[in-house]
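*Asks:*
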Amino acid sequence: MDDAVDMHKSHFIPMPRHEVKKRLFAEPQVAPLIEEGLESVCTMLEALDHHSSLSELERLKVLYCAMDPDSESQIEIAEVDSFISAFEEVLVDGNWEHVTDEEFQLAMDGESLFPISMDVRLDEFVTMKLYKLGRDEMTENLPNTLDNLLGRPGKEIKFEMYNRVIQIIHFKDSKWFMEQGRKNHDPGKIGEGLHLRLFKNVPVEDLEIIFPNTTPKMRPMDKAKISLPLAVGLVMLFQQYLLPIIVGGPTADLSQALLVALASALGSYAMKAYMTYRKTKETYMAAVAKDLYFKGQANNQAVLNMVIDLAEEQEVKESLLCYTFLLAEADVGHTLASLDARIEAWLAEQGVHADFEIRDAIGDLAEMGLMELTGDVRSDDGSWNMDVPLGHIAVPIKESLARLDDIWDGLYNFEH
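Under the numbering used here, the first residue of the sequence shown carries the number 22, and numbering increases by one thereafter.
#1: According to the neighbour-count rule (16 or more other Cβ atoms, all chains shown, within 10 Å of its Cβ), is histidine 64 buried or exposed?
#2: How many Å lie between glutamine 371 and glutamate 350 at the Cα?
#3: Does DSSP put glycine 155 in a helix, in a strand, or in coil?
#4: Please report the distance separating the alpha-carbon of histidine 355 from that of lysine 30.
#5: Would you kindly report the start and end of the unbroken alpha helix (DSSP H) that includes valine 101?
#6: With DSSP as the reference, label phenylalanine 20 as helix, strand or coil.
#7: Grab me the residues of aspartate 381's own chain with a C-beta within less than 7 Å of its C-beta, minus the 5 sequence neighbours each way, in chain order.
#8: By the 10 Å Cβ neighbour count, where 16 or more other Cβ atoms means buried, how is phenylalanine 108 classified, buried or exposed?
#9: Counting only the same chain and skipping the five closest in sequence on each side, list residues whose C-beta sits under 6 Å from that of aspartate 70.
#10: At the level of alpha carbons, what is the spacing between cysteine 343 and arginine 363?
#11: Would DSSP call lysine 30 helix, strand or coil?
#12: Is there contact between the region 49–60 and the region 194–205, where contact requires at least three CB pairs shorter than 8 Å?
#13: For lysine 221, which of helix, strand or coil comes out of DSSP?
#14: Out of Asp91, Val62, Val373 and Val83, point me to the one whose CA is closest to glutamate 100's CA.
#15: What residues in its chain sit with their C-beta under 8 Å from that of leucine 422, if we drop five residues either side in the sequence?
#16: Relative to the C-alpha of lysine 210, which candidate in Ile178, His39, Phe192 and Gly155 has its C-alpha closest?
#17: Can you confirm whether the region 83–93 touches the region 210–229 when touching is taken to mean that 3 or more C-beta pairs between the two stretches lie within less than 8 Å?
#18: Could you check which residue in Asn116, Glu67 and Phe33 has the C-alpha nearest to that of histidine 39?
#19: Counting C-beta neighbours from all protein chains within 10 Å, is the total for proline 174 16 or more, i.e. buried, or is it exposed?
#20: For isoleucine 428, I'd like the list of residues in its chain whose CB is within less than 7 Å of its CB, leaving aside the five on either flank, ordered along the chain.
#21: What is the C-beta distance between alanine 375 and phenylalanine 33, in whole angstroms, given that I count them as a contact (C-beta under 8 Å)?
#22: Taking only the alpha-carbon atoms, compute the straight-line gap between serine 106 and leucine 112 and give it to the nearest angstrom.
#23: Round the Cβ separation of arginine 424 and leucine 391 to the nearest angstrom and send it over; I've been treating them as touching at under 8 Å.
#24: Quick one: what does DSSP say lysine 176 is sitting in, helix, strand or coil?
#25: Just to check my reading of the structure: leucine 325 and leucine 81 have Cβ atoms closer than 8 Å, yes? What is that Cβ distance to the nearest angstrom?
#26: Tell me which same chain residues have a C-beta within less than 8 Å of the C-beta of aspartate 426, skipping the five on either side of it?
#27: Output yes or no for whether 9 Å exceeds the beta carbon distance between valine 225 and alanine 128.
#28: Who are the Cβ neighbours of alanine 327 in its own chain at under 8 Å, not counting the five residues just before and after it?
#29: Alpha carbons only, please: which of Glu229, Ile329 and Pro37 is nearest the one belonging to aspartate 140?
#30: Figure out for me which residue from Ile379, Lys419 and Asp352 has the closest Cα to the Cα of tryptophan 405.
#31: With methionine 149 and isoleucine 190 assumed to form a contact (beta carbons below 8 Å), what rounded beta-carbon distance in angstroms separates them?
#32: Contact defined as beta carbons within less than 8 Å: I believe lysine 221 pairs with asparagine 162. What is the distance between those atoms, to the nearest angstrom?
#33: Just confirm the distance between the C-beta atoms of methionine 159 and phenylalanine 125, as a whole number of angstroms; I'd bet it's less than 8 Å.
#34: Since aspartate 89 and asparagine 321 should fall inside the 8 Å C-beta cutoff, what is the C-beta to C-beta distance between them, to a whole number of angstroms?
#35: Using a threshold of 9 Å, state whether the C-beta atoms of leucine 386 and histidine 72 are closer than that.
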């Protein structure tokens, strides 16, 4: 992966949890920990995180229920801000980030992978938010019309993409569309409520393709193909025929038939260019529809389920990596900074380029009693000392299992 992509490394670890476990447990230095029961520690971490995630999911579902466009009940959107605030807390835990205004504008202004540009009618929204998870580089072959005819794969291009994108939109009401003279753009009943969409592998410079209210627009090149021949022809006619009449000079010897033929040729060229543009637009719209079919992962309440699941997997991956390397390399003398770099290096060996969030991982493990932090590692004000040797702060496996078992038993310890 090149430096351009490394600059955008995210905390998200795109490798599935089961694959992280498989590769981590295959490391020779981890073998003794497997014998001691590391896999059981992992099982308990998964169970506890899943239990915590269920309560988070239920809280979000309750908040979202009244504004869900798929609801059978009357839609109420009075608590949009409360829902978004709670939803963003979960997104932060899952290492999602806002798509900034600058990033969005660059996407709107940037060169699209598709052969046509789109305008998003942003003024039709009451609320519009975008969130990204992970960023990577992809290579694809994009064939043009000639390539398709000849059966060729097309030109190979590289582009950056977001691994996941969440879109939140709330349309303005029908009254607004009527007042603006945009009745034909009014989504009507299907536009009511707060819409959640989850997409995968979205090109950074093509964010507009995930919007439902776009208007195709001509690129400067398309406009030039149509207008330039007409302009050149008109200038030639003006210079050779009309200008001499105006100034009283001799006119060019152009017969009416020749003028008609010239005008017809220019008009035909311009019409051909316009029809080519129309065909390109139709092809583009079909390509976008097909692309979105495969990129769309979830809508509305289903987005909540997937976000919670992704966050749960992320938490376990972070905790397991941190705990395992602290135990396996206890004699190395790691600091937070060196442990962070060690885990990132291991992930890179697996083909995953991520910015590991060591503070979150250590904090979660300490909260469960699997790390015994000293004041040197974390100060009273909550700040982390990245260069202080950690020593043997990881609790041994057998003791960790006992502590995790106590936490689990305490979840349903009801007194009668």
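Quick reminder that beta carbons are idealized off the backbone N, C-alpha and C, glycines included.
*Replies:* Let me lay it out:
#1: Note on identity: in this sequence residue 64 is threonine, with histidine being the wrong assignment. Per the 10 Å Cβ criterion, exposed.
#2: CA-to-CA, the gap between glutamine 371 and glutamate 350 works out to about 19 Å.
#3: strand
#4: 23 Å
#5: Counting along the chain, the alpha helix (DSSP H) containing valine 101 begins and ends at 101–114.
#6: The shown model of the chain, from 22 to 437, leaves out residue 20, and the question about it has no answer.
#7: Closer than 7 Å at Cβ, skipping near neighbours: Glu339.
#8: buried
#9: Glu333, Glu336 and Val337
#10: 10 Å
#11: coil
#12: no
#13: The DSSP-derived three-state label of lysine 221 is strand.
#14: Per the Cα distances, Val83.
#15: Gly58, Ser61, Val62 and Met65
#16: Phe192
#17: yes
#18: Glu67
#19: With fewer than 16 other Cβ atoms within 10 Å, it is exposed.
#20: Exclusion of the five residues before and after isoleucine 428 leaves Leu69 and Met389 as the residues of its chain whose Cβ lies within less than 7 Å of its Cβ.
#21: Taking 8 Å as the upper bound for CB-CB distance, alanine 375 and phenylalanine 33 are in contact here, some 6 Å apart.
#22: 10 Å
#23: 7 Å
#24: strand
#25: 5 Å
#26: Met65
#27: Contact flag set, yes.
#28: Just to set this straight, residue 327 is methionine in the shown sequence, not alanine. Closer than 8 Å at the Cβ level, and outside the excluded window around methionine 327, lie Leu219, Gln318 and Ala319.
#29: Glu229
#30: For tryptophan 405, the closest of Ile379, Lys419 and Asp352 by C-alpha to C-alpha distance is Ile379.
#31: About 5 Å; that satisfies the 8 Å criterion.
#32: Rounded, the Cβ-Cβ distance is 19 Å, inconsistent with contact.
#33: So it is not a contact: roughly 20 Å between Cβ atoms.
#34: 5 Å
#35: Contact flag unset, no.
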